[in-house]
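Notes follow the structure.
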Amino acid sequence: MSTDPIDRLLAQNKTWVASATAKDPQFFERLAHGQTPEYLFIGCSDSRVPANALTGTGPGEMFVHRNIANQFHLHDLNSLAVVQYAVDVLDVSSIIVVGHYGCGGVKAANGLHSYGLVDHWLGEIRDLGERYQALLGTGEEERHHRLVELSVLQQVVNLSLCPVLRTAWKKGRRPTLAGLVYDVADGALHKLVSGLSSVEQAQAVMPDPKAKVLPKLFKD
Ligand code: CO
């Protein structure tokens, strides 16, 4: 028996190749010609949020970018390069920001503990928590859920401000923006917003911090 933990992955890879080829003999041959994914998925690095599995999509269908707490920052060259390539080269129809309940990044941003470098990465969530503090609710779980949702909406706003998107929209081109939340406790994906294609539309989905009550963000 091998003690290298990588060997388990290689063995499972062989099984996967055999099963995919048995179902569809041209599967890999087709993929080798290139990709034309319909979606760009921006999700959390959390191991419980597998982009393809939870959306029922396969290889070739979804361009994926993941980082801690599914952030899209306008100063992050990595995210910017992914979005630019997805919009200008792949011409995806939708960019989807997917947050998730139970997100350790959001919890870390909203707590008193310091985690080092990652605190800088999570700074925007911390700011959101402070700005909407009075509206997040009373229970710990409720407050966490609202902050996860607000952070998704904020990333959608950030995306709308990205020059790549503004230029595409000015030319009448796609993509549209969507914000979803995934519940690791039951596997369900919920829609917060979709079909946005302007800065104004994106900014309009951000609740007013001075409102008396935060609107229920789910549409379904
Ligand atoms: Co997370």
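For the sequence shown, counting from 1, position 203 maps to 900 in the working numbering; every step adds exactly one.
Just so it is clear, CB atoms sit at the ideal spot from N, CA and C, and this is done for glycine as well.
None of the values given here were measured: they were computed from a predicted structure.
Whole angstroms is fine: what's the gap from Y895's alpha carbon to K868's? A quick correction: the sequence has Ser, not Tyr, at residue 895. When rounded, the distance between both Cα atoms is 12 Å.
Thinking C-beta only, is I793 closer than 8 Å to A783? no
Contact defined as beta carbons within less than 8 Å: I believe C800 pairs with V849. What is the distance between those atoms, to the nearest angstrom? With 8 Å as the limit, C800 and V849 do not qualify as a contact, their Cβ atoms being about 10 Å apart.
Look up V784 in the DSSP assignment and say whether it is helix, strand or coil. helix
Within 7 Å: the Cβ of A766 and any heavy atom of ligand 2? This structure lacks ligand 2; its bound ligands are ligand 1.
Looking at ligand 1, does it come within less than 7 Å of D883, judged from the CB to the closest heavy atom? no
Would you check if the distance between the CB atom of L856 and the CB atom of L862 is smaller than 8 Å? yes
Locate the alpha helix (DSSP H) running through F724, then write down its first and last residues. F724 to A729
In angstroms with no decimal places, state the Cα-to-Cα distance between F738 and F724. 22 Å
What residue from G802, A865 and L911 has the CA that sits closest to R823's CA? G802
Residue nearest to E839 in terms of C-alpha spacing, selected from L858, R870, Y798 and S699: Y798
Please confirm whether V789 and P734 have their CB atoms less than 8 Å apart. yes
Only counting the same chain, and skipping five residues up and downstream in sequence, which positions put a Cβ closer than 8 Å to that of A908? L832
For A717 and S811, I'd like the C-alpha separation in whole angstroms. 45 Å
Could you pull the DSSP bridge partners for L874 from this structure? I792 and L893
For ligand 1, any of its heavy atoms closer than 7 Å to the Cβ of H887? no
Name the one or two DSSP bridge partners that L886 has. Y879
Is the beta carbon of N764 less than 8 Å from the beta carbon of S742? yes
Per DSSP, what are the beta-bridge partners of I739 in this structure? H762 and V794
Which same chain residues, not among the five before or five after A882, have their C-beta less than 8 Å away from its C-beta? Y798 and G799
Test item: CB-CB of V853 and V779 under 8 Å: no
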